[in-house]
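Protein chains: 2
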Amino acid sequence: MRIVVLAGGIGGARFLRGLQSAVPDADITVIGNTGDDIHLFGLKVCPDLDTVMYTLGGGINEDQGWGRTDESFTVKEELAAYGVGPTWFGLGDRDFATHIVRTQMLGAGYPLSAVTEALCDRWQPGVRLLPMSDDRVETHVAITDSQTGERRVVHFQEYWVRMRAAVDAEAVVPVGAEQAKPAPGVLEAIAAADVILFPPSNPVVSVGTILAVPGIREAVAAAGAPVVGLSPIVGGAPVRGMADKVLAAVGVESTAAAVALHYGPELLDGWLVDTADAEAVTEVEAAGITCRAVPLMMTDLAATAEMARAALELAEASR
Amino acid sequence: MRIVVLAGGIGGARFLRGLQSAVPDADITVIGNTGDDIHLFGLKVCPDLDTVMYTLGGGINEDQGWGRTDESFTVKEELAAYGVGPTWFGLGDRDFATHIVRTQMLGAGYPLSAVTEALCDRWQPGVRLLPMSDDRVETHVAITDSQTGERRVVHFQEYWVRMRAAVDAEAVVPVGAEQAKPAPGVLEAIAAADVILFPPSNPVVSVGTILAVPGIREAVAAAGAPVVGLSPIVGGAPVRGMADKVLAAVGVESTAAAVALHYGPELLDGWLVDTADAEAVTEVEAAGITCRAVPLMMTDLAATAEMARAALELAEASR
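Line by line, the protein sequences are chains B and A.
In terms of my numbering, the first sequence is residues 702 to 1020.
In terms of my numbering, the second sequence is residues 702 to 1020.
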């Protein structure tokens, strides 16, 4: 079974681990969001790709869900001693090595997809991990500065990590997406898939950014395979993260039904909501999307695998 | 008193510490060798500049004479786990931060001299540290491969650190030196100096490389200030390092007298040899260079300060 998953960071990575547990023999291609990518200290950092790679490769810090386990922060402390920031982005020593290798390979002319493959040679994540694009895309967020009252634009990471989404996101723009091309293999994987899944990743800045690369949304819509998503919103709030902030920026309510309708029946064949949102089933199905209510809390691997199984069953049912 | 010192790495840095101790109020400008510079992992590494900066700034690993004290090697181990080398060059985590800052600033368009000044803002070495040039110069060494019997050219660091100078250096070439220009302030410092010193640094790949930048040798020769050198060779062997290997490549014997004659009376007004080499005094003076025999082992700060005092006294005597 060939499964294609459009994944962001922590939520996507954890879902993928459940999916691997549910169908260990499946051939899984992950199309990873690169809109979160940022240049820090002259190095190219790809937080979402790395979170997937570390999580599936056994290198993740399980407690925080990102970064390396058994991490130290000597380089970061030394950079701060030079007065070089930002200090709000937590790059550890082990993690730095990944960004150093990536930056060196990119500098030598390799595209990000080839670099990602080389990094995965070490981690053996058990999936084929493709960046959504080899072209640079950076999600920017428009905010009103709470100090000055002026409108300004910040990098998504600055909004998310430094500001902790404490002010409203007035607009979310994947800069460069319009000119980006899908990375080699992306459209082919979508066309050849037996099932396409949207994990409970952020619908705006993770899955939404992937779909913003011209050709990817169209390929998903045109795919013969059923497309099933899992709601990242449970009981009117994001399970983790601050998805409500960026949903508001695109005029979407933070409800399981509203996110389904935001993707729409052009993309989605099936949608899973949490049992707490069972009342959403009717509304989603009225829009032409098959919907089921099942437990959607990724509390442990078994629960997550059960969610993956439910998604695959819903895919079969909507075939 | 304005003192200009042409310095390599460990020997130069230790001598400078003695000089600072001997004349704490002196205005010292260090012209640092950059021929040892190497790109590793996409980062610009300047071993000699950093050794001077760390030594005078209190960050050096005192036992080995290079690298940072209290160092860890997490990044290097992780790079090796990616199969990315070289593994023979010992970059520690603290040291990596320096190279990351430098590389980022160079990438942003700052010349190496401005980058070095910015790094020294943290370390406060108590001297003005100038790279010999803002242009890229890399010392290469021609060897005969002991395995294949073929002649090939390696970077100086590969010859020195990886091969530990175990094969003969057949030629030593400071690639790029002919096209390089002295960094801003270098010629001005030489012209304005009251004393110019050659510490017991490597006469070929440290002081020799600095002198290979067009304009620097001429400025030293034309300077009104006395020029005094200290022999890095004691009793027919280098005090530390493998200077004999690279001296042979330029046809110079490993003796205190031969090194003085290699610099020549066009450059040197005075030359200090170790008391073990007292018989060299006559030969050196016959060539027109004032020569004294004094203890030249930098066993501790007091002994090194005494060497610096002897050099300054010889400068006064040859004025």
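Glycine is no exception: its CB is placed at the ideal position from the N, C-alpha and C atoms.
What you are looking at is a predicted structure, and each value in this text was computed from that prediction instead of being measured.
In the DSSP assignment, what are the bridge partners of residue i?
{"i": "Asp728 (chain A)", "result": "A:Arg703"}
{"i": "Lys745 (chain A)", "result": "A:His740"}
{"i": "Ile934 (chain A)", "result": "A:Pro939"}
{"i": "His856 (chain A)", "result": "A:His841"}
{"i": "Ile761 (chain A)", "result": "A:Arg769"}
{"i": "Val874 (chain B)", "result": "B:His841"}
{"i": "Gly786 (chain B)", "result": "DSSP lists no partner for Gly786 (chain B)."}
{"i": "Val928 (chain B)", "result": "B:Ile897"}
{"i": "Gly850 (chain B)", "result": "Note: Gly850 (chain B) sits in no beta bridge, so no partner."}
{"i": "Pro883 (chain A)", "result": "A:Ser834"}
{"i": "Gly733 (chain A)", "result": "A:Ala708, A:Pro832"}
Quick check: is the beta carbon of residue i nearer than 8 angstroms to any beta carbon in chain B?
{"i": "Ser773 (chain A)", "result": "yes"}
{"i": "Tyr811 (chain A)", "result": "no"}
{"i": "Arg795 (chain A)", "result": "yes"}
{"i": "Thr1033 (chain A)", "result": "Residue 1033 (chain A) falls outside the range modelled here, since chain A spans only 702 to 1020, and no answer is possible."}
{"i": "Gly942 (chain A)", "result": "no"}
{"i": "Ala798 (chain A)", "result": "yes"}
{"i": "Val776 (chain A)", "result": "yes"}
{"i": "Gly768 (chain A)", "result": "no"}
{"i": "Val785 (chain A)", "result": "yes"}
Tell me which residue opens and which closes the beta strand (DSSP E) that residue i is part of.
{"i": "Val921 (chain A)", "result": "Per DSSP, Val921 (chain A) belongs to no beta strand (DSSP E); it is in the alpha helix (DSSP H), 917-923."}
{"i": "Phe899 (chain B)", "result": "896-899"}
Would you give the residue range spanned by the alpha helix (DSSP H) that residue i belongs to?
{"i": "Leu888 (chain A)", "result": "887-893"}
{"i": "Phe716 (chain B)", "result": "711-723"}
{"i": "Lys777 (chain A)", "result": "775-782"}
{"i": "Thr910 (chain B)", "result": "908-912"}
Return the residue from the list the options that minimises the CA-CA distance to residue i.
{"i": "Ala926 (chain B)", "options": "B:Arg1020, B:Phe790, B:Leu831, B:Gln721", "result": "B:Arg1020"}
{"i": "Ser722 (chain B)", "options": "B:Ala1012, B:Thr1005, B:Leu780", "result": "B:Thr1005"}
{"i": "Phe790 (chain B)", "options": "B:Ile801, B:Arg865, B:Gly759", "result": "B:Arg865"}
{"i": "Phe774 (chain A)", "options": "A:Ala1016, A:Gly784, A:Phe797", "result": "A:Phe797"}
{"i": "Leu813 (chain B)", "options": "B:Asp822, B:Leu831, B:Arg823", "result": "B:Leu831"}
{"i": "Arg703 (chain B)", "options": "B:Val838, B:Val731, B:Val802, B:Gly850", "result": "B:Val731"}
{"i": "Val842 (chain B)", "options": "B:Glu818, B:Trp824, B:Arg863", "result": "B:Arg863"}
{"i": "Gly743 (chain A)", "options": "A:Asn762, A:Leu792, A:Trp767", "result": "A:Leu792"}
{"i": "Ala708 (chain A)", "options": "A:Gly909, A:Ala870, A:Thr804", "result": "A:Gly909"}
{"i": "His963 (chain B)", "options": "B:Pro725, B:Thr770, B:Thr976, B:Glu984", "result": "B:Glu984"}
{"i": "Ala867 (chain B)", "options": "B:Met943, B:Asp771, B:Gly808", "result": "B:Met943"}
{"i": "Phe899 (chain A)", "options": "A:Glu986, A:Gly916, A:Lys882, A:Gly733", "result": "A:Gly733"}
{"i": "Val802 (chain B)", "options": "A:Ala781, A:Ala870, A:Ile934, A:Ala959", "result": "A:Ala781"}
{"i": "Asp738 (chain B)", "options": "B:Lys777, B:Gln880, B:Arg715, B:Ser834", "result": "B:Ser834"}
{"i": "Asp836 (chain A)", "options": "A:Leu969, A:Val876, A:His856, A:His800", "result": "A:Val876"}
{"i": "Lys946 (chain A)", "options": "A:Ala870, A:Gln858, A:Gly760, A:Gln880", "result": "A:Ala870"}
{"i": "Leu741 (chain A)", "options": "A:Ala878, A:Pro901, A:Thr788", "result": "A:Thr788"}
{"i": "Leu931 (chain B)", "options": "B:Val905, B:Glu879, B:Leu997", "result": "B:Leu997"}
{"i": "Ala890 (chain B)", "options": "B:Asp728, B:Ala878, B:Pro826", "result": "B:Asp728"}
{"i": "Ala714 (chain A)", "options": "A:Val914, A:Ala815, A:Gln765", "result": "A:Gln765"}
So that I know if they touch, is there some Cβ in chain A lying closer than 8 angstroms to that of residue i?
{"i": "Arg823 (chain B)", "result": "yes"}
{"i": "Ile917 (chain B)", "result": "no"}
{"i": "Ala981 (chain B)", "result": "no"}
{"i": "Gly743 (chain B)", "result": "yes"}
{"i": "Leu820 (chain B)", "result": "yes"}
{"i": "Ala782 (chain B)", "result": "yes"}
{"i": "Glu779 (chain B)", "result": "yes"}
{"i": "Ile801 (chain B)", "result": "yes"}
{"i": "Val995 (chain B)", "result": "no"}
{"i": "Val808 (chain B)", "result": "Here residue 808 (chain B) turns out to be Gly, not Val, going by the sequence shown. So, interface residue."}
Using a Cβ-Cβ distance cut-off of 8 angstroms, determine whether residue i contacts chain D.
{"i": "Gly827 (chain A)", "result": "Although the question refers to chain D, the structure presented lacks it and instead comprises the protein chains B and A."}
Jot down the residue ranges of each uninterrupted alpha helix (DSSP H) in the region 951-1014 of chain A, minimum 4 residues, whole runs only, in chain order. 957-964, 981-987
Every unbroken beta strand (DSSP E) inside the region 800-845 of chain B [3 residues or more]: The qualifying runs are 829-832, 839-845.
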